[in-house]
Amino acid sequence: MKVYKYFLIICASIILAPAITFAQDKEAKITLNFEVVDSQKVCKALVVSEALPVKELSIKFYVKRLFSLLPIGEATTDENGSASLEFPTDIPGGETGNLTVIAKITEDENYMDTETTHDIKWGVIVKEDPNLSHQRSLWGSRSDAPIYFMVASDLIILAIWGTLIYIVFQVFKMKRISSLNKK
Amino acid sequence: MSENNFKNDKTTHETFTQEEFMIMKEDLLRPVQHWGFWGKVWIAFLVVICMLGVYAYYIQETKSKYVTVSLRDYTMWGVYISNFVFFVALSLIGVLMSAVLKLTNFQWYRPLSRIAEIIAVAAIMLAGVSIVAAMGRPERLYHLVIHGRIQSPIVWDIIVILTYVTASTILLFIPLIPSLSTCKNHLTNKPKWQMKMYEIFSFGWEGSPEQWKILKKSVKILTVLVIPLGVSIHTVTAWLFATTLRAEWDSTNFGAYFVSGAFLLGVAGMIVAVFVFRKAYNLEKYLTEMHFDKLGKALVLMACIYGYFNINEYLVPAYKMSGLHANHLLDLFTGEDSHFYWLVVVFGIALPAILPLIPAMRKPLPLTILAFFVVIAGWFKRYLIVIPGLAHPYLPIQDVPDSWRHYSPSLIEMTIVAATFAAMLLIVTLFSRFFPIISVWEVAEGKLEGKDEIINYK
Amino acid sequence: MKNENEESSRRKFLKFGLLAGTATIAGLGAKSLLADESKDTGEMVKVLTADGKLVEVDSSMINHPSEKVLQEHSLREGIAGKKFIMVIDLARCANERKCIEGCQSMHGLMPPVEWLKVKRMQDSELGAPYWFPQTCYHCDNPPCTKVCPVDATFKRTDGIVAVDNDRCIGCKFCMAACPYSARTFNFGRPESMKHFEDHANDKEKDKCCTTKPSTEGTVSKCDFCPDAAAKGVLPSCVTECPNGTIFFGDENEDTVTNGEETFRLKELLRSRAGYRQFEELGTKPRVYYLPPVKRQFPFEEATEVHNKAE
C-alpha cells in the first residue's frame, strides 16, 4: 500500500512537473459568443486549454475605445469553461453601433495572458450631435448665422445705405440742374 | 450770380439778403484766406506729433510687441481701446449739435453745426486708427471683408462706424456746397488745385430754387438718419464690452451709459472747440457768449444724465457687492485705481453738473477751463472702463510676472495716442483753413427768419 | 504607484513579443473586416511585421483608420464622430505642474505662457484650499467664437474650439470674451519666438495640433491636441500627470481615461458629483471637475514661485 502511494506520488509529480514549472505558460484559448437570452444580451467566453474546458478562470471583458479599453465586467468560467457576462445595454457604439469586445486572461496563476477580440453590433447607435454640426447659432461660423439675424441686419444695412446712396444721387441731381440751366 | 438768384426767388427759397451774406463772407473767409504765422506753426506742431506717432507705430510693428507695448494676456486691451472708445464718444457731438438741436428747433445750433460735424468726422476716423493700432495683425484687416461674421459685435461696430463716417461726411459736405461756391467766387491768391477743388465740389451750385430744395431735403433726411446712427455707434461700442461675460462689463445699462457719457464729452469738446475757434479766428460775432451760456446749461444736463447712469452702473452693484463685482469695485473705490476714479468722478461728473449752474461759470473762459477738465476726465473715464475691468477676471491671476498683473501704457503707446489727438486736431484745423468753419447760409437763414435767439442774447 | 507603473510596463514589454505576431495578424484581419470603410488604393507596399517578416499589403491597410480620418479632417471640420471631453479629478492634483511642462514642451511654449494653468483655489475662508488645473474648456456655447469677427476661432464638430492662426487678426476680442481667461496672445516676445524656432522640428514629439501658436500677433490656447487624439494618442497633460488627475476621452464613447484607468464618463460624473466651472455663465464647458473630496494628497502650499521672471 505504501509502495503504491509512493508510486502514485512519483507519477503525479512527473505528470504535474511541467505544469508546476511552467505554470503560467499554459495556453488557453478564448472564444467569444454572443447570445440573447430572454431579451438579455449575454457575452460568453468559452475557455479551452489543451482541448479541455477550463474551470474557475477569471475572464475580464473590455470594450475598445479610442484611447483605451473600457472594462465592462469580469466573469468566472463554469465547469463547461464558459464565463458569461450580462452585457451592458448602454454602451455607445458610434454611428454603426459596432463594438469591439475584448476578453482577456490576465495575471492568472496557471494560464498565460491572452486575449480575444470580437466585433458585435450591440452598441447604442450614436447620432452626430446636431448641436455641433453646423447648427445655425450665434457662436457658429459665418455661414451658420441665424436666418433672422442675417435678414434683420441686411435689411437695416440696406435701408440706411439705400438712403445714403439716394442722397448722393440728389447731389448729382443738383449738378445736372445747374448744367441744364446753363444750356 | 448766385446772390441774384436768392433775391429773385425770395418768395420761394432764398432766405437771406445779399448784404448780410457779404459781411459774413468777409469774416468767415478770412481764416481761409490768411493762415497767419501762428496758424502755420500750430499746423507744423501737429504734423510733427503725427509723424512721431507714425514712427512709434513703425517701431511697434517692426519690433516685438512684448517689448514695445505693455499689454499682456490679462490686460490685452489697453489705451488703444480706451482711446478708441473716447474718440467714438467724441464723435457723437455731430449728432447732438447738428441733428438733435436742429430737429428740436434750437436755433443756436446754426453756427456750431459745421464745427461739430468736422469734429465728429475727424474723431470717428481716429477711432478707426486707434483700433488698427490695437490689432495684432493689422495687415489682415481685409479678413474682415472676406471672412466677416455678422454675429460678431466687432463687425457690427465696423459696419456702423463706416456708415456713420459716410453719413457724417455727407452731412458735413452737403451744407458746405453753397460755401464752396462762395469760396470759389471770392477767394483770391490761392493755388490752382485749391480753386479747382472748390470748383469740383461745389457741384455747379448756383443757388437756384430747385437746388435749394434738393439741398434742404437731403440735409433733412440725413439729419434724421444720423441720430439713430450716432446712437448706434456708441451703443455698439458699448456692446463690445457688454456682450462679454466679464462681471464688470456685464451690464444692461452699458449702451445708455456710454451714449450719455458721449453726449457729456461731446458738449465739453464742443465748448473747447468753440472757444478756440472764436479766439483764433476772431469769430466773436458768430460764436457768442450766448453759445457758451447754452452749452454750459447743456453741460449741466448731460453731466446729470451721465451721473445718473454712473450711479446705476457703480452704486447698484456696490450696494449688493456680489463676489463677482467686489474686486473690481473695491479696486476703483479704494484700491489701486481709486485716485483716478475719484478724480474722474469729480472733474468728469460732479463739477460739470454743478459749476455751470453759476451764471459766471458759463462765461467763455471759465466754462472752457471746466470743459477742458471734463474732456481729460472723459479720456480717463474710458481708461477706467477698459483696463481695471480686465484686471479682475473670474478666476484669480496666479503664477505670472508682475507686468502681467499691472498695466501701465508704454511710451510707444502713449506716443501713438498723442498722435491720434494731434491728427484729430490737424484734420479739424486743416478743414477750417480750407473751408469756412461756420455755415454762412445757415446762420443767415436763421437771422432772416427772425430767429432772434442767434443775435439777441444776454 | 510608480513601481506599479514600471512593473506593468515591463510586463507589457515581455508580453509584446508573443502577442505582437498574433496581434498584427488579428489587426490586419480586423481591418479586412472593415474593408467597406477603407477603400483599397491598389497600391502595394512592403511592411515589416513585428515578428520580423516582410509582407506586402495594400497601402490603405497600413494607415491606422483614425490616422486616415485625421488626413481627411481639416482644421475647421473636426474629427468625424468624436466629441472630446475632459474630466479633471481635483482630489488627485498635487500641483506637481507636470501637465504644464508637458503641454509647454508639446506645443513649444515658453514660460510664463501656459495653456494649462494650475491655480490655488479656495472657495470660502473656512473651505479647504485645493489645486485647480485649468485648460480651455472648449465650451459648447462658446462666448469666444461668438465674438470672433473673422471666424478665426470656431467650434468644430468634435467639440473642440480651435484657432486658425492664419486667419486671426489679433483683435483679442475672444480673450476679453472668455470668462475663464484661457486664451493667450503671442506678443512676439523675442525669447519665446526663438524658443518656437528652436523646437519647430522636434521629431520625438507626436505632432499634436494643426494650430500655429508661433504666429506672432495672434491668439492661441489649449487645443485638446486634436491631431494626437485622432491617432488615439492622449494629450500630453494627461499622460504627464503622475497622479492621473486628468481624464480625457470621447463623449460619444461615454469613456474617459487617464492612460491607466478607464471609466464610463456618465457613471464617473454621477458617482463623484462632477461639475463644470461657472455653470451659471451658460457656456457649457466640455471640461468637468470632480470635487476635491477624499483627496489622495493633503493640500500643500506651493513652495516655489513660478513665472516670476519678466
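One line per chain: the protein sequences are A, B and C, in this order. First residue of the first sequence: 1, per my numbering; consecutive thereafter. First residue of the second sequence: 184, per my numbering; consecutive thereafter. First residue of the third sequence: 642, per my numbering; consecutive thereafter. Built from N, CA and C at the ideal position, the CB exists for glycine as well.
Is there a C-beta anywhere in chain C that falls below 9 Å from the one on residue i?
{"i": "G140 (chain A)", "result": "yes"}
{"i": "K248 (chain B)", "result": "yes"}
{"i": "E95 (chain A)", "result": "yes"}
{"i": "I147 (chain A)", "result": "no"}
{"i": "V343 (chain B)", "result": "no"}
{"i": "I242 (chain B)", "result": "no"}
{"i": "P165 (chain B)", "result": "There is no way to answer for residue 165 (chain B), as the model of chain B reaches only from 184 to 641."}
Look at the alpha carbon of residue i and the alpha carbon of residue j, and state the distance between them as a whole number of angstroms.
{"i": "T612 (chain B)", "j": "M504 (chain B)", "result": "47 Å"}
{"i": "T786 (chain C)", "j": "E894 (chain C)", "result": "26 Å"}
{"i": "P883 (chain C)", "j": "K739 (chain C)", "result": "8 Å"}
{"i": "K687 (chain C)", "j": "K872 (chain C)", "result": "Reliability of the predicted coordinates at K687 (chain C) is poor, the pLDDT of 49 falling under 50, and the value obtained from them is presented with this limitation in mind. So the alpha carbons of these two residues sit roughly 22 Å apart."}
{"i": "F169 (chain A)", "j": "I397 (chain B)", "result": "10 Å"}
{"i": "H575 (chain B)", "j": "Y325 (chain B)", "result": "33 Å"}
{"i": "V459 (chain B)", "j": "H508 (chain B)", "result": "42 Å"}
{"i": "D805 (chain C)", "j": "K55 (chain A)", "result": "58 Å"}
{"i": "I102 (chain A)", "j": "P933 (chain C)", "result": "34 Å"}
{"i": "T76 (chain A)", "j": "G885 (chain C)", "result": "30 Å"}
{"i": "P876 (chain C)", "j": "F34 (chain A)", "result": "35 Å"}
{"i": "N123 (chain A)", "j": "P867 (chain C)", "result": "Note that residue 123 (chain A) is Gly in the sequence shown here, rather than Asn. G123 (chain A) and P867 (chain C): Cα-Cα distance of roughly 25 Å."}
{"i": "G829 (chain C)", "j": "R255 (chain B)", "result": "11 Å"}
{"i": "G561 (chain B)", "j": "F773 (chain C)", "result": "40 Å"}
{"i": "T924 (chain C)", "j": "C815 (chain C)", "result": "14 Å"}
{"i": "L494 (chain B)", "j": "I488 (chain B)", "result": "First, the residue type needs correcting, since residue 494 (chain B) is Ile and not Leu in the sequence shown. If I take the Cα positions, the gap works out to 10 Å."}
{"i": "F87 (chain A)", "j": "I729 (chain C)", "result": "28 Å"}
{"i": "K373 (chain B)", "j": "F614 (chain B)", "result": "15 Å"}
{"i": "K949 (chain C)", "j": "G506 (chain B)", "result": "28 Å"}
{"i": "K853 (chain C)", "j": "E755 (chain C)", "result": "15 Å"}
{"i": "H779 (chain C)", "j": "D433 (chain B)", "result": "21 Å"}
{"i": "A841 (chain C)", "j": "L731 (chain C)", "result": "33 Å"}
Just checking: is the beta-carbon of residue i within a distance shorter than 9 Å of some beta-carbon in chain A?
{"i": "E393 (chain B)", "result": "yes"}
{"i": "F618 (chain B)", "result": "no"}
{"i": "T346 (chain B)", "result": "yes"}
{"i": "H474 (chain B)", "result": "no"}
{"i": "G915 (chain C)", "result": "no"}
Please state whether DSSP places residue i in a helix, a strand or coil.
{"i": "G219 (chain B)", "result": "coil"}
{"i": "W376 (chain B)", "result": "helix"}
{"i": "N899 (chain C)", "result": "coil"}
{"i": "F865 (chain C)", "result": "coil"}
{"i": "E74 (chain A)", "result": "strand"}
{"i": "P214 (chain B)", "result": "helix"}
{"i": "N510 (chain B)", "result": "helix"}
{"i": "F952 (chain C)", "result": "No answer is possible for residue 952 (chain C): it lies beyond the span of chain C, which begins at 642 and ends at 951."}
{"i": "I620 (chain B)", "result": "coil"}
{"i": "L731 (chain C)", "result": "coil"}
{"i": "H417 (chain B)", "result": "helix"}
Name the chain B residues whose beta carbon is nearer than 9 Å to that of residue i?
{"i": "F837 (chain C)", "result": "Here the premise fails: no neighbours, minimum Cβ distance about 13 Å."}
{"i": "V151 (chain A)", "result": "Ordered by position in chain B, no residue passes the 9 Å Cβ test against V151 (chain A), which lies about 10 Å from the chain."}
{"i": "V879 (chain C)", "result": "Those do not exist, as V879 (chain C) stays about 21 Å from chain B at its closest Cβ, beyond 9 Å."}
{"i": "R770 (chain C)", "result": "Note that residue 770 (chain C) is Pro in the sequence shown, not Arg. The premise fails here: P770 (chain C) is roughly 12 Å from chain B at the closest Cβ pair, so nothing lies under 9 Å."}
{"i": "A818 (chain C)", "result": "T426, T427, L428, R429"}
Give me the chain C residues within the contact set of residue i, using Cβ-Cβ distance strictly less than 7 Å, ordered along the chain.
{"i": "V126 (chain A)", "result": "N893"}
Checking contacts by CB at 9 Å: is residue i closer than that to chain B?
{"i": "C812 (chain C)", "result": "yes"}
{"i": "Y166 (chain A)", "result": "yes"}
{"i": "E941 (chain C)", "result": "no"}
{"i": "T886 (chain C)", "result": "no"}
{"i": "M834 (chain C)", "result": "yes"}
{"i": "T825 (chain C)", "result": "yes"}
Strictly below 7 Å CB to CB, what residues from chain A border residue i?
{"i": "A425 (chain B)", "result": "Correct list: empty, because the minimum Cβ distance to chain A is about 15 Å."}
{"i": "L875 (chain C)", "result": "F67"}
Residues of chain A with a CB under 8 Å from the CB of residue i: which are they?
{"i": "G792 (chain C)", "result": "Strictly speaking, residue 792 (chain C) in this sequence is Asp, with Gly absent from that position. By Cβ distance, chain A contributes S141, R142."}
Subject >> alpha helix (DSSP H) runs contained entirely in the stretch 248-309 of chain B, provided each spans 4 or more residues >> reply: Whole alpha helix (DSSP H) segments, 4+ residues: 248-251, 262-274.
Original post:
What are the uninterrupted segments assigned as alpha helix (DSSP H) that are 4 or more residues long and contained completely in the stretch 426-473 of chain B, given in chain order?
Top reply: 437-463
**OP:** Entirely within the stretch 312-357 of chain B and at least 4 residues each: give me those alpha helix (DSSP H) ranges in chain order.
**Re:** 326-329, 336-356
**OP:** Mind listing, in chain order, the continuous beta strand (DSSP E) runs of no fewer than 3 residues lying wholly within the stretch 510-568 of chain B?
**Re:** When DSSP assignments are scanned along the stretch 510-568 of chain B, no uninterrupted stretch of beta strand (DSSP E) that is 3 or more residues long falls wholly within it.
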